[in-house]
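So the sequence shown is residues 694 to 897, counted in this note's numbering.
A short worksheet on the structure shown next.
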Amino acid sequence: YFEDGTRARFFVTNVGGLDCAPEKDQARVIAARLAKYDVNMLRLHSLGDCWYPLIDYSSGTSQEFDADTLDRVDYFVSELKMRGIYVYLDLLDCRWFRTADGVKHGDEFTHNWQGSMKGASIFDERMIELQKDYATKLLTHRNPYTGLSYVDEPAIAVIGTTNENSIFYFFNMSDLSLPYYRDELQRRWNRWLASKYGNRLRWR
694 YFEDGTRARF FVTNVGGLDC APEKDQARVI AARLAKYDVN MLRLHSLGDC WYPLIDYSSG
754 TSQEFDADTL DRVDYFVSEL KMRGIYVYLD LLDCRWFRTA DGVKHGDEFT HNWQGSMKGA
814 SIFDERMIEL QKDYATKLLT HRNPYTGLSY VDEPAIAVIG TTNENSIFYF FNMSDLSLPY
874 YRDELQRRWN RWLASKYGNR LRWR
């Protein structure tokens, strides 16, 4: 419900990757076309992924934004907002954490699902720190076209903290992520069992 008590109804579609940051002349056309067909929410998916240049991976890390791309995202959001279209913002999908970020074996992650950071990013402390840093930088960034930081932007209706991600994938996909992280999850589970039960007899 909106603040005035009106029930909210959203007709939503999705863009991903490069389409989250169209050129400005295209952004105006896309926003107008969506509004024409009564779309009132757009999901911006995979903003910071290895396929998408919001993160400048050329620096060797995954901690810096590409200024031009961020500017196009800002402009697109402002055009959507001007036409009454809310934004569903994703924070993490298939980000490419790098070894230079302090992530163990980061450069060994691949761009496909199996070799990605899926699952591991749920429990690895360094990846969690980096996710918090990314979220803070993005959400406190002031959009020059609206004058508001994203954390204060009423047009941001939904924020997804992570997409299609769970440690339970490890039980169903034997080749997911890297062996180091699969082993680390097992070590953590064993340490928890030992701290809770002490020995196998008590566990049973």
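Glycine included, every Cβ here is placed at the ideal spot set by N, Cα and C.
Just so you know, these numbers come straight off a predicted model, no measurement behind them.
Going by DSSP, what residues sit across from residue i in a beta bridge?
i: residue 835; result: 842
i: residue 734; result: 705 and 779
i: residue 758; result: 748
i: residue 853; result: 783
Looking at residue j and residue i, is the spacing between their C-beta atoms short of 8 angstroms?
i: residue 808; j: residue 728; result: no
i: residue 769; j: residue 837; result: no
i: residue 875; j: residue 863; result: yes
i: residue 765; j: residue 830; result: no
i: residue 810; j: residue 752; result: no
i: residue 860; j: residue 815; result: yes
i: residue 785; j: residue 833; result: no
i: residue 812; j: residue 858; result: yes
Cα separation between residue i and residue j?
i: residue 739; j: residue 824; result: 14 angstroms
i: residue 803; j: residue 748; result: 16 angstroms
i: residue 710; j: residue 890; result: 46 angstroms
i: residue 774; j: residue 733; result: 9 angstroms
i: residue 725; j: residue 731; result: 10 angstroms
i: residue 841; j: residue 735; result: 19 angstroms
i: residue 761; j: residue 818; result: 30 angstroms
i: residue 771; j: residue 839; result: 6 angstroms
i: residue 793; j: residue 879; result: 25 angstroms
i: residue 849; j: residue 696; result: 15 angstroms
i: residue 719; j: residue 887; result: 58 angstroms
i: residue 805; j: residue 892; result: 40 angstroms
i: residue 872; j: residue 699; result: 51 angstroms
Quick one: measure Cβ to Cβ for residue i and residue j, integer angstroms, because I've assumed they're closer than 8 angstroms.
i: residue 741; j: residue 827; result: 6 angstroms
i: residue 745; j: residue 789; result: In fact, because the Cβ distance is near 10 angstroms, the residues do not count as touching under 8 angstroms.
Meets three-Cβ-pair contact criterion under 8 angstroms: the segment 701 to 721 and the segment 764 to 781: At 8 angstroms Cβ cutoff, the stretches touch.
Touching by the beta-carbon criterion (3+ pairs, under 8 angstroms), the segment 757 to 775 and the segment 796 to 807: No: fewer than three Cβ pairs fall under 8 angstroms.
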